[in-house]
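So our numbering is basically just the index in the sequence shown, starting at one, shifted up by 294.
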Amino acid sequence: MLSALLLVQLTACAAMTGIIWMVQIAIYPLFARLEGEAFNDYHTRYMARVTYVIAPLMLIEAASCAACFYLGDWQEMTPSFLLLAIAWASTALIQVPQHAKLTPKTVPALVHSNWIRTIAWTTRTVLLASMAFG
295 MLSALLLVQL TACAAMTGII WMVQIAIYPL FARLEGEAFN DYHTRYMARV TYVIAPLMLI
355 EAASCAACFY LGDWQEMTPS FLLLAIAWAS TALIQVPQHA KLTPKTVPAL VHSNWIRTIA
415 WTTRTVLLAS MAFG
């Protein structure tokens, strides 16, 4: 059961890693190219739609991480758990508030701060892959 949970966690984490890299390299930087109502309209639609993609993945990832932490070797799972906590904390405490007051001029700060999540999810995927297949 633990190996299946680890694979579920790895799959969700790898999906989030792919998404966060696309957001970091393409989506967030392109926000700065929009102005006025086009910016507001696009950003509002982006926020509404992206939630349907990332929320289920983040919840699956969190639940499977908690289960692996509880059922498995908690010492082995601690780095993965901490990286997930960093990604979630960054989302809740940095990116969500930045999105709430986002303008074309504040996009660079969003891109810069998003490196926290990009690095956390990427490192976590490598770590989980080594645990699952290593």
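We put the beta carbon where it would ideally sit given N, CA and C, even for glycine.
Own chain, CB closer than 6 Å to residue i, minus 5 neighbours either side, in chain order
{"i": "residue 416", "result": "311"}
{"i": "residue 333", "result": "398"}
{"i": "residue 384", "result": "410 and 411"}
{"i": "residue 381", "result": "411, 414 and 415"}
{"i": "residue 318", "result": "408 and 412"}
Span separating the alpha-carbon of residue i from that of residue j
{"i": "residue 398", "j": "residue 330", "result": "9 Å"}
{"i": "residue 406", "j": "residue 366", "result": "35 Å"}
{"i": "residue 409", "j": "residue 296", "result": "30 Å"}
{"i": "residue 423", "j": "residue 304", "result": "7 Å"}
{"i": "residue 351", "j": "residue 339", "result": "20 Å"}
{"i": "residue 315", "j": "residue 389", "result": "15 Å"}
{"i": "residue 342", "j": "residue 363", "result": "32 Å"}
{"i": "residue 335", "j": "residue 356", "result": "31 Å"}
{"i": "residue 323", "j": "residue 337", "result": "12 Å"}
{"i": "residue 361", "j": "residue 313", "result": "24 Å"}
{"i": "residue 349", "j": "residue 386", "result": "13 Å"}
{"i": "residue 347", "j": "residue 419", "result": "18 Å"}
{"i": "residue 394", "j": "residue 344", "result": "15 Å"}
Extent of the continuous alpha helix (DSSP H) to which residue i belongs
{"i": "residue 396", "result": "That residue, residue 396, is in no alpha helix (DSSP H); it is neither H nor E in DSSP."}
{"i": "residue 302", "result": "296-316"}
{"i": "residue 410", "result": "401-427"}
Same chain only: Cβ atoms within 8 Å of residue i, ignoring 5 sequence neighbours per side
{"i": "residue 301", "result": "426"}
{"i": "residue 421", "result": "373, 374 and 377"}
{"i": "residue 359", "result": "303, 371, 374, 375 and 378"}
{"i": "residue 321", "result": "340"}
{"i": "residue 403", "result": "392"}
Subject >> Every unbroken alpha helix (DSSP H) inside the stretch 328-396 [4 residues or more] >> reply: Qualifying alpha helix (DSSP H) stretches, in chain order: 330-365, 368-384 and 390-394.
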